[in-house]
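**Q** Mind having a look at this structure? Questions to follow.
Put into structure tokens, the structure is as follows:
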């Protein structure tokens, strides 16, 4: 019933296309030799094409696990008369451990995979992950399903050279992690992007240990266009960041790409709304560049609680931007609430710094502020665990 409905929709579309084409035949001579006859229009070819398309849609639904709507969309990108090749591909994927949902995801994202030669095209990539990069099989399946473009890359000319280059800098274990992430560094031609950018960082004095840090954590920043990369490095240096310090590559990441540029602009406006001056924002950026990549919700959530609920001065937080990265629900609210209650009872000073409250590890904080005063203030544990009402200022 479902396929009949799909066929009806496709057949109707083909019929209308053929019908509209008749409007252009008036200029043709209507003699017995050249007049367009029903046989010359080949009315059955459209139906045959529609039936072929329905067969592909049926295959995508029944054999590949796609939804009807997704199958219709995907059928525009892949065509086959007989299912021999697709069957071979699906059997290969199943035999190598891909689940039905992973196979459906692969086909949806890369429909032409159904026309691949499994032994020549697919197997070498899987073997690269398993044997060369030593990635666990379940991670290989998950990574390829999430990013099937790995299956389109040359093992000899792209995957292995990039793997070896990265391994020499950050080590095999971290390269395997990059592969599991579907790293940007494996999506860029190595000769055009990665090597020149790394060489340039070395030329401006960035130590290998910090280059490794950038490659592992901020791969997309090191994989950008070389001219753009040089401009970003120059911009970061002009801001006063020292290439000999690790924060240089953090700032490099924060300043890289149009997406981060837009985030910085939004963060700037958000901080200004909370009363920060330009100098405050610049000071915070110099101390923790990633404070300019936070969401407006995150910034306003933390500042709203600290300023409105706890009575902190907004601009003072610019001197301690690391505070903005702590979890509001799991760290900031429980700890500040405990210390606030203790200050109301005169057990601790009211001017405790936020760093003293928020930076220590959990055990140390509990020893300093909860366990120590548990007898005098029994509800401290409940407040810390969110079971009691947060006291108002």
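Numbering (this note's numbering), first residue to last: 2 to 394. Every residue, glycine too, gets a C-beta built ideally from N, C-alpha and C. As the structure is a computational prediction, the values presented were derived from the model and not from experiment.
What residue does the alpha helix (DSSP H) around residue 402 start on, and which one ends it?
**A** Outside the modelled stretch of the chain, which goes from 2 to 394, sits residue 402, for which no answer is possible.
**Q** Between which two residues does the alpha helix (DSSP H) containing residue 103 stretch?
**A** Run containing residue 103: 101-110, per the alpha helix (DSSP H) assignment.
**Q** Between which two residues does the alpha helix (DSSP H) holding residue 158 run?
**A** It is not in any alpha helix (DSSP H) - residue 158 carries neither H nor E in the DSSP assignment.
**Q** I'd like the span of the alpha helix (DSSP H) that includes residue 190, first residue to last.
**A** Counting along the chain, residue 190 falls outside any alpha helix (DSSP H), and DSSP gives it neither H nor E.
**Q** Would you kindly work out how many angstroms separate the C-alpha atoms of residue 336 and residue 372, rounded to a whole number?
**A** In a straight line, the C-alpha of residue 336 is about 13 Å away from that of residue 372.
**Q** Closest by CA to residue 183, which one among 205, 196, 171 and 148?
**A** Considering only alpha carbons, the answer is 148.
**Q** Rounded to whole angstroms, how far is the Cβ of residue 215 from the Cβ of residue 250, which I believe are closer than 8 Å?
**A** Confirmed, about 4 Å.
**Q** Name the residue from 167, 380, 311 and 327 whose alpha carbon lies nearest to the alpha carbon of residue 217.
**A** Answer by Cα proximity: 167.
**Q** Going straight from the alpha carbon of residue 234 to that of residue 253, what length do you get?
**A** Between residue 234 and residue 253, the C-alpha separation is close to 6 Å.
**Q** Round the Cβ separation of residue 271 and residue 300 to the nearest angstrom and send it over; I've been treating them as touching at under 8 Å.
**A** That belief holds up - the Cβ atoms of residue 271 and residue 300 are roughly 5 Å apart, short of 8 Å.
**Q** DSSP three-state call for residue 321: helix, strand or coil?
**A** It is coil, neither helix nor strand.
**Q** Check whether the segment 110-124 touches the segment 155-164, taking contact to mean three or more Cβ pairs, one atom from each stretch, closer than 8 Å.
**A** Judged by Cβ distances under 8 Å, the segment 110-124 makes no contact with the segment 155-164, as fewer than three pairs qualify.
**Q** Would residue 383 be called buried (16 or more neighbouring beta carbons within 10 Å of its own) or exposed?
**A** Classification for residue 383: exposed.
**Q** Should residue 1 and residue 302 be called a contact, given that it needs their Cβ atoms to be closer than 8 Å?
**A** A query on residue 1 cannot be resolved here, the shown segment of the chain reaching from 2 to 394 and no further.
**Q** Under a Cβ-count criterion, where at least 16 other Cβ atoms within 10 Å of its own Cβ denotes burial, should residue 279 be classed as buried or exposed?
**A** Looking at its Cβ environment, which holds fewer than 16 other Cβ atoms inside 10 Å, residue 279 is exposed.
**Q** What residue range is occupied by the uninterrupted alpha helix (DSSP H) comprising residue 229?
**A** Element bounds for residue 229: 227-239.
**Q** I think residue 146 touches residue 107, with their Cβ atoms under 8 Å apart; what is that distance to the nearest whole Å?
**A** Right, their Cβ atoms sit about 6 Å apart.
**Q** Taking Cβ positions, are residue 277 and residue 315 nearer each other than 8 Å?
**A** Cβ atoms of residue 277 and residue 315: closer than 8 Å.
**Q** Run through DSSP, which three-state label would residue 376 get?
**A** Coil.
**Q** Any contact of the segment 282-302 with the segment 261-268, i.e. 3+ C-beta pairs under 8 Å?
**A** As far as the Cβ criterion goes, the segment 282-302 touches the segment 261-268, which means the pair count is three or higher.
**Q** What would DSSP say about residue 249, mapped onto helix, strand or coil?
**A** Residue state, collapsed to three classes: helix.
**Q** May I have the straight-line CA-CA distance separating residue 377 from residue 388, to the nearest angstrom?
**A** Their backbone Cα atoms lie some 18 Å apart in a straight line.
**Q** On a CA-only basis, which of 57, 129, 94 and 64 is nearest residue 82? Give me that one, please.
**A** With distances taken between Cα atoms, residue 82 lies closest to 57.
**Q** Near residue 329, what residues of its chain come up, given a Cβ to Cβ distance below 7 Å and the 5 sequence neighbours on each side ignored?
**A** Answer for residue 329: 302, 303 and 306, listed in chain order.
**Q** Can you look up residue 270 in the DSSP assignment and give me helix, strand or coil?
**A** Residue 270 falls in the helix class under three-state DSSP.
**Q** At what residues does the alpha helix (DSSP H) containing residue 218 begin and finish?
**A** Its alpha helix (DSSP H) spans residues 209-218.
**Q** Within a Cβ cutoff of 8 Å, which residues of the same chain sit near residue 313, ignoring the five residues on either side of it in sequence?
**A** Excluding residues within five positions, the ones whose Cβ falls inside 8 Å are 307 and 355.
**Q** Please state whether DSSP places residue 176 in a helix, a strand or coil.
**A** In this structure, residue 176 counts as helix in the three-state DSSP scheme.
**Q** Where does residue 84 sit, in a helix, a strand or coil, going by DSSP?
**A** Looking at residue 84 - three-state DSSP - the assignment turns out to be coil, as it is neither helix nor strand.
**Q** Assign residue 117 to one of three DSSP states: helix, strand, or coil.
**A** Coil.
**Q** At what residues does the alpha helix (DSSP H) containing residue 203 begin and finish?
**A** Run containing residue 203: 195-204, per the alpha helix (DSSP H) assignment.
**Q** Which runs of the alpha helix (DSSP H), 4 residues or longer, sit entirely within the segment 296-378?
**A** Correct list: 297-304, 334-345, 355-359 and 363-366.
**Q** Going by the beta-carbon positions, is the gap between residue 141 and residue 127 smaller than 8 Å?
**A** Contact: yes.
**Q** Is residue 149 helix, strand or coil by DSSP?
**A** Three-state result, residue 149: helix.
**Q** Tell me whether the beta-carbon of residue 324 lies closer than 8 Å to the beta-carbon of residue 359.
**A** Against a cut-off of 8 Å, the Cβ pair of residue 359 and residue 324 comes out as a contact.
**Q** Beta carbon of residue 198, beta carbon of residue 223: below 8 Å?
**A** Closer than 8 Å, so yes.
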